[in-house]
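There are 10 protein chains.
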Amino acid sequence: MQREDVTDLIVLQKIKKKLTWTQLAEVIGHSKEWSTAALLGQMTLTEAQAKAIGAALDLPEEAIALLQVTPYKGSLPTAVPTDPLIYRFYELISVYGTTFKALIHEEFGDGIMSAIDFNMDLTREPDPKGDRVRIVMSGKFLPYKTY
Amino acid sequence: MQREDVTDLIVLQKIKKKLTWTQLAEVIGHSKEWSTAALLGQMTLTEAQAKAIGAALDLPEEAIALLQVTPYKGSLPTAVPTDPLIYRFYELISVYGTTFKALIHEEFGDGIMSAIDFNMDLTREPDPKGDRVRIVMSGKFLPYKTY
Amino acid sequence: MQREDVTDLIVLQKIKKKLTWTQLAEVIGHSKEWSTAALLGQMTLTEAQAKAIGAALDLPEEAIALLQVTPYKGSLPTAVPTDPLIYRFYELISVYGTTFKALIHEEFGDGIMSAIDFNMDLTREPDPKGDRVRIVMSGKFLPYKTY
Amino acid sequence: MQREDVTDLIVLQKIKKKLTWTQLAEVIGHSKEWSTAALLGQMTLTEAQAKAIGAALDLPEEAIALLQVTPYKGSLPTAVPTDPLIYRFYELISVYGTTFKALIHEEFGDGIMSAIDFNMDLTREPDPKGDRVRIVMSGKFLPYKTY
Amino acid sequence: MQREDVTDLIVLQKIKKKLTWTQLAEVIGHSKEWSTAALLGQMTLTEAQAKAIGAALDLPEEAIALLQVTPYKGSLPTAVPTDPLIYRFYELISVYGTTFKALIHEEFGDGIMSAIDFNMDLTREPDPKGDRVRIVMSGKFLPYKTY
Amino acid sequence: MQREDVTDLIVLQKIKKKLTWTQLAEVIGHSKEWSTAALLGQMTLTEAQAKAIGAALDLPEEAIALLQVTPYKGSLPTAVPTDPLIYRFYELISVYGTTFKALIHEEFGDGIMSAIDFNMDLTREPDPKGDRVRIVMSGKFLPYKTY
Amino acid sequence: MQREDVTDLIVLQKIKKKLTWTQLAEVIGHSKEWSTAALLGQMTLTEAQAKAIGAALDLPEEAIALLQVTPYKGSLPTAVPTDPLIYRFYELISVYGTTFKALIHEEFGDGIMSAIDFNMDLTREPDPKGDRVRIVMSGKFLPYKTY
Amino acid sequence: MQREDVTDLIVLQKIKKKLTWTQLAEVIGHSKEWSTAALLGQMTLTEAQAKAIGAALDLPEEAIALLQVTPYKGSLPTAVPTDPLIYRFYELISVYGTTFKALIHEEFGDGIMSAIDFNMDLTREPDPKGDRVRIVMSGKFLPYKTY
Amino acid sequence: MQREDVTDLIVLQKIKKKLTWTQLAEVIGHSKEWSTAALLGQMTLTEAQAKAIGAALDLPEEAIALLQVTPYKGSLPTAVPTDPLIYRFYELISVYGTTFKALIHEEFGDGIMSAIDFNMDLTREPDPKGDRVRIVMSGKFLPYKTY
Amino acid sequence: MQREDVTDLIVLQKIKKKLTWTQLAEVIGHSKEWSTAALLGQMTLTEAQAKAIGAALDLPEEAIALLQVTPYKGSLPTAVPTDPLIYRFYELISVYGTTFKALIHEEFGDGIMSAIDFNMDLTREPDPKGDRVRIVMSGKFLPYKTY
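First to last, the protein sequences are chains A, B, C, D, E, F, G, H, I and J. Quick note on full-length UniProt numbering: the first sequence kicks off at 1 and runs consecutively. Quick note on full-length UniProt numbering: the second sequence kicks off at 1 and runs consecutively. Quick note on full-length UniProt numbering: the third sequence kicks off at 1 and runs consecutively. Quick note on full-length UniProt numbering: the fourth sequence kicks off at 1 and runs consecutively. Quick note on full-length UniProt numbering: the fifth sequence kicks off at 1 and runs consecutively. Quick note on full-length UniProt numbering: the sixth sequence kicks off at 1 and runs consecutively. Quick note on full-length UniProt numbering: the seventh sequence kicks off at 1 and runs consecutively. Quick note on full-length UniProt numbering: the eighth sequence kicks off at 1 and runs consecutively. Quick note on full-length UniProt numbering: the ninth sequence kicks off at 1 and runs consecutively. Quick note on full-length UniProt numbering: the tenth sequence kicks off at 1 and runs consecutively.
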């Protein structure tokens with residue numbers, strides 16, 4: 001059993017038990033964004049979180065153990081994602097990549113927005129012309145160290 | 001002269017004239033996010049906008065004409081970006097890609113967040129532990145049509 | 001069992017039961033184009049549709065459950081398809097890609113043809129010099145939002 | 001001067017002279033789809049067509065000569081297109097590729113839809129919920145020869 | 001069981017039964033070139049042909065069924081083949097590709113040699129300096145349709 | 001000036017002087033297949049051949065010198081060719097690659113068909129259903145040496 | 001003039017003036033590691049630093065301006081570097097990549113070593129069996145934020 | 001059983017037995033850096049070391065045998081690593097690659113830092129602003145031989 | 001069972017029986033270079049050789065049969081090898097590729113060194129400064145045929 | 001002027017002055033193998049060598065300066081070489097890669113053959129069945145350091 005097998009098992013058990021990602025996030029005790037990423041093999045659970053999820057989803061001991069090991073991250077099978085929903089995010093980087101760079105450097109100087117000291121919130125934005133997906137990302141600005 | 005040459009010229013003239021992207025956005029009359037993307041060859045200017053920018057940056061006639069032509073979009077030289085600032089956004093998709101997918105489908109059903117009927121806002125988020133980059137993205141949810 | 005295994009199973013059961021894609025589409029209650037895409041792992045079935053297909057093809061419970069989960073889309077094993085029938089469509093984009101772009105922008109301005117709010121119809125076009133494949137595609141034009 | 005330089009020149013002269021692709025197609029005497037593809041370096045003009053276009057766009061002799069040479073086809077700079085409008089067509093093949101294959105084989109047997117004995121028509125489809133792009137493709141079915 | 005498994009099984013059974021591709025082609029009733037391609041998963045057998053091969057090679061029912069389904073074509077694991085015998089053919093295209101193009105266009109005008117309405121014959125050409133492989137390819141010329 | 005520039009120059013001068021590849025082959029004194037490949041930068045001319053071509057096409061001294069240098073071979077800009085005429089040859093290898101391998105090994109044992117001690121002949125094959133391109137390839141079989 | 005042209009110019013002027021990277025670092029006032037990276041287009045100089053380098057290397061005004069703009073980072077022409085010296089570093093990541101991961105997670109938990117809040121020192125390590133290259137890297141550990 | 005299966009088994013047994021890489025390194029008798037790399041399939045153990053590890057982790061005989069065979073090295077599934085911790089090292093090479101090259105050549109002349117006659121040490125560097133990862137690499141300089 | 005499985009089995013049995021490649025070559029009756037390549041799936045054994053190896057390594061009948069089938073050659077999992085020992089050979093081609101070409105053409109004219117009519121010998125070259133690997137390659141020169 | 005321009009200039013001047021690589025090697029005072037590699041941009045010349053070559057080939061001062069700078073190595077435009085002569089060497093690694101690995105490890109243990117402390121000799125090997133290219137490679141064996 002490897003970490004990917006645990007992910008497959010989680011997805012299947014979640015369907016069978018008719019649980020939502022939001023409900024599983026409550027079991028973990030963190031936001032739905034962080035928790036879903038963790039369950040999909042991108043974050044590391046504590047022993048207590050892993051056991052709680054194991055109980056909620058009837059996972060075997062080995063799976064519970066693997067949930068506590070830092071996974072090899074990267075959730076996509078190809079460098080350019082084929083799934084349309086995920087591709088749109090890739091497209092935003094393709095189209096706006098140099099814009100992100102220009103505006104962050106203009107505001108902060110040389111450095112990056114951290115993808116580690118990072119959090120985000122994904123919500124439904126009601127709109128009469130059709131509801132919208134609203135994502136708020138917040139990452140610490142890290143200036144390039146000079147030395 | 002091709003559209004990329006116009007971009008190079010814009011960047012150079014902007015430096016010489018010590019203008020900011022925010023100031024150029026005011027010339028265009030749209031947000032700094034959309035305007036910078038347009039100047040970097042990803043959006044299309046109206047004739048009035050192109051002339052205003054041409055005047056602000058001393059661009060030749062040919063450049064002003066090309067700014068009104070819809071460009072071949074995609075601002076990055078490689079499929080996986082090498083620039084660290086831009087790569088962090090790619091990494092977010094790599095790490096959170098399946099999470100975006102899971103949560104948007106849970107909330108909205110099968111479909112995507114539009115990257116066309118889309119807007120965003122990039123601001124500085126003051127924080128005692130180090131200021132943060134805050135990006136608010138809003139894209140219309142488009143459900144897959146069944147037929 | 002993963003979604004790909006369900007697709008393999010569907011293809012095999014369809015052969016054994018000598019059913020056509022058109023017949024399966026009738027079971028689902030949508031066009032043959034949308035229904036075939038759904039069965040091949042690109043669209044999401046409702047519970048009723050999944051059960052009807054499960055009954056028609058003797059699928060196990062787990063498969064019926066997976067048919068109701070939005071799949072990770074993308075039906076091709078390589079970025080440039082090797083199958084000659086599918087390659088011809090890729091070639092059309094390679095040859096006509098910039099033409100699509102030029103003509104749609106000329107008619108509609110900057111924006112795209114939606115691949116989500118999209119439908120198509122594939123029929124036989126009788127022709128004395130050899131029958132033809134006729135495909136009618138219709139996608140909503142989405143203008144780039146300015147902001 | 002190479003064929004790509006002729007394309008660049010055509011695009012620039014077309015802007016300066018404020019001509020549309022549809023108008024240029026009338027000069028050539030074919031549909032806007034075939035004519036635009038030809039001008040963008042994907043089809044071959046006759047001597048008369050090349051001279052007419054040369055006159056309409058003030059092209060030099062060398063360009064008029066090159067328009068009559070069959071070009072090395074392929075209009076896109078990367079295997080997976082980055083431009084959002086063109087990508088949506090690529091996505092349709094990615095999502096519907098195996099569906100095209102299944103349905104054409106079901107209707108016609110083993111073979112392909114020709115991309116050579118092919119024509120298409122791109123029009124605006126008025127729709128109260130937003131106008132649509134309508135593309136009708138027609139390609140001769142070519143059965144695999146057995147021998 | 002998928003089509004690739006059928007190919008593996010055919011290769012193994014052929015070794016065990018000490019049959020040649022030429023003998024199997026006689027069972028199918030077509031040339032050795034077409035028949036071998038079919039057995040290697042690139043062409044579609046009729047029910048009668050599939051049953052005859054099934055009998056000759058002791059294949060299970062499921063394999064016989066799959067032989068009648070049009071396969072996803074493409075017999076090579078990588079875009080540039082590593083096997084030296086197959087690579088030499090790739091090299092011929094790499095070296096002579098633009099020559100094929102120049103000479104066919106010179107003789108026939110713009111169009112292609114069909115790979116569908118195509119046949120070939122591979123024979124031994126006795127030669128005192130070392131026997132040669134002789135391959136005669138014949139493909140219908142398809143002119144680009146203008147419209 | 002590099003070898004590619006000589007190729008561009010040859011193509012342009014050939015158009016201006018309205019010469020065919022067959023006529024240029026007569027100047028060189030070899031088949032149209034070998035000669036065209038040589039002019040397109042894939043084979044090496046002797047001093048006499050280079051001078052004759054130089055005279056026929058008004059090439060400068062430097063170009064005549066470069067025609068006598070063995071070129072870096074490979075005539076295609078991408079590993080998988082985008083041009084439809086050339087792609088069909090690539091497709092033949094993709095579809096028939098393992099068939100070539102099976103049949104040549106069956107007839108000759110382990111080894112390859114040489115792409116160096118190789119010649120070919122491309123002709124028009126009249127056919128009432130549409131003329132065909134006929135290509136006869138002949139390459140020496142080279143058995144793998146055991147040692 | 002683009003940033004890459006400035007890099008080429010710096011390399012050439014440095015040769016002509018027989019200056020070392022260490023001497024140029026003294027002009028900049030930072031370590032030789034940071035300074036060389038900056039001159040090779042990977043870091044951003046202040047106005048004073050840019051002017052000092054401009055004076056030392058006789059750079060034109062435009063180059064001095066560009067040295068103050070944050071560059072698009074990434075110094076290598078291919079994803080897998082071909083230069084043997086640089087490849088050895090790539091090889092270290094290939095061989096030791098999972099080791100870095102295992103040991104840093106064991107010591108620090110889930111997170112990364114920053115490549116932004118980072119410094120390094122490259123020195124000669126005398127050794128009787130052959131001098132060694134000694135590189136000390138120091139990057140801030142950034143723990144994954146949970147939220 | 002292949003070498004990768006041994007790696008998977010080692011990782012799983014290590015979790016179950018709650019052992020650290022550092023403890024396993026003590027079993028092997030080398031540094032934690034070399035030992036972890038060896039256990040992760042990048043170095044070769046002696047018979048004594050393999051048996052000791054086998055005893056510590058309850059590995060089967062076959063696994064112990066495979067630990068003594070030099071493995072096919074390379075620990076990453078993709079050329080550009082997706083895991084953020086490992087990617088940062090790749091980024092360092094991307095950003096600092098030409099700097100490494102410039103400074104090592106300036107100090108040592110043409111040659112490389114060996115990745116074979118190489119050792120490294122990874123430690124925690126306490127820092128009031130946040131602890132740091134400190135890596136000391138030492139590789140023998142190998143000058144290019146002239147001959 | 002496929003040819004790769006036979007290779008895996010050979011490697012495992014060789015370890016268990018503590019045999020060397022040189023000893024296995026003696027069983028085959030050819031050089032260690034050719035024999036090892038054959039056992040690793042790159043050359044074809046005769047029936048007698050296959051049976052002898054089968055006896056030496058306790059291989060099943062099916063494996064012995066597969067050893068007599070010409071394999072699909074290419075022993076490496078990636079186009080650019082990750083294993084450091086094998087990479088060094090790739091690097092030699094990267095660095096010396098154009099040198100091989102220049103010197104062979106200078107000595108022999110246009111043509112290639114055969115990789116089929118080829119043999120090599122790999123030995124230890126004692127050297128007081130450290131023993132060396134000595135590889136003597138010998139391939140027949142094949143001149144390009146003109147026609 | 002960059003290093004590649006110097007290579008182009010060297011090749012052109014060499015043709016004009018009808019010099020051989022062997023003669024140029026005598027000017028440099030090293031073997032034809034090392035010297036050709038150096039002139040083709042893969043090794044570094046001393047000041048005296050660069051000046052001697054500059055005089056022999058009438059190179060400008062700037063070129064002579066650049067010949068003394070260690071170049072960014074790698075002489076091939078693509079990862080898999082298209083030129084048939086160079087490809088054969090790539091094919092040898094593809095076919096014999098795992099054989100090199102097996103035999104060197106068997107003889108020397110874990111380590112590599114150096115491509116830096118390396119020399120080679122390329123000669124004509126007369127043979128009544130056709131002369132052969134003989135290449136003797138000698139590289140120092142470097143054992144993996146344990147620590």
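Where is the CB? At the ideal position from N, CA and C, for every residue including glycine.
With contacts defined by Cβ atoms closer than 8 angstroms, Ile116 (chain B) and Leu142 (chain C) form a contacting pair. At least 8 angstroms separates the CB of Tyr96 (chain A) from every CB of chain D. Between the stretch 70-80 of chain A and the stretch 86-96 of chain B, the count of C-beta pairs closer than 8 angstroms reaches three or more; the two stretches touch. The three-state reading of DSSP puts Ala115 (chain C) in strand, counting E and B together. Listed in chain order, the non-local C-beta contacts of Ala37 (chain D) below 6 angstroms within the same chain comprise Met43, local neighbours out to five positions each way being set aside. Following the DSSP letters along the chain, one finds Ser35 (chain E) in no beta strand (DSSP E) but inside the alpha helix (DSSP H) bounded by residues 32-39. Under the three-state reduction of DSSP output, Thr44 (chain I) falls in the coil class, being neither helix nor strand. The Cβ atoms of Gly97 (chain I) and Phe89 (chain J) lie closer than 8 angstroms to each other. Ile53 (chain B) is positioned such that its CB atom lies no closer than 8 angstroms to that of Lys101 (chain A).
Per DSSP, the beta-bridge partners of Phe141 (chain C) are C:Met113. The beta carbon of Gly41 (chain I) lies closer than 8 angstroms to those of Arg3, Glu4, Val6, Thr7, Pro71, Lys73, Ser75 in the same chain, with the five residues before and after it left out. Against chain I, the CB of Pro128 (chain G) has no partner CB under 8 angstroms away; the residue lies outside that interface. CA-CA distance, Glu26 (chain E) to Met120 (chain E), rounds to 17 angstroms. For Ala48 (chain B) and Gln49 (chain C), the gap between their C-alpha atoms comes out near 53 angstroms.
Put simply, the CB of Gly139 (chain E) is far from chain C, with every gap to its CB atoms at 8 angstroms or more. Gln13 (chain A): member of the alpha helix (DSSP H) spanning 3-16, first to last residue. CA-to-CA, the gap between Pro84 (chain G) and Thr82 (chain B) works out to about 20 angstroms. Using a Cβ-Cβ cut-off of 9 angstroms, Gly29 (chain G) is close to nothing in chain B; its nearest Cβ partner there is about 23 angstroms away.
Contact annotation for Val80 (chain C) against chain F: Val80 [CB-CB distance below 8 angstroms, chain order].
In the structure shown, the three-state DSSP call for Val27 (chain G) is helix.
In the displayed model, Val95 (chain C) falls within a helix according to three-state DSSP.
Ranking J:His30, J:Gln68, J:Gln13 by CA distance to the CA of Glu106 (chain H) puts J:Gln68 first. Tyr147 (chain I) counts as exposed, since fewer than 16 other beta carbons sit within 10 angstroms of its beta carbon. Taken atom to atom, the span from the alpha-carbon of Lys51 (chain C) to that of Ala63 (chain C) is near 10 angstroms. The three-state reading of DSSP puts Leu19 (chain D) in coil, since its state is none of H, G, I, E or B. In chain order, Gly111, Ile112, Ser114, Leu142, Pro143, Tyr144, Lys145 make up the part of chain I whose C-beta sits under 9 angstroms from the C-beta of Ile116 (chain F).
At a cut-off of 8 angstroms between C-beta atoms, Ala52 (chain C) does not count as an interface residue with respect to chain A. Runs of the alpha helix (DSSP H) lying entirely within the stretch 46-82 of chain C, each at least 4 residues long, are 47-57, 61-66 in chain order. At a cut-off of 8 angstroms between beta carbons, Val6 (chain F) makes no contact with chain J. The Cβ of Glu125 (chain E) sits no closer than 8 angstroms to any Cβ of chain J.
Distance from the CA of Thr46 (chain G) to the CA of Leu19 (chain G), rounded to the nearest whole angstrom, comes to 21 angstroms.
Straight across, the Cα-Cα distance linking Asp58 (chain C) with Lys129 (chain D) is about 40 angstroms.
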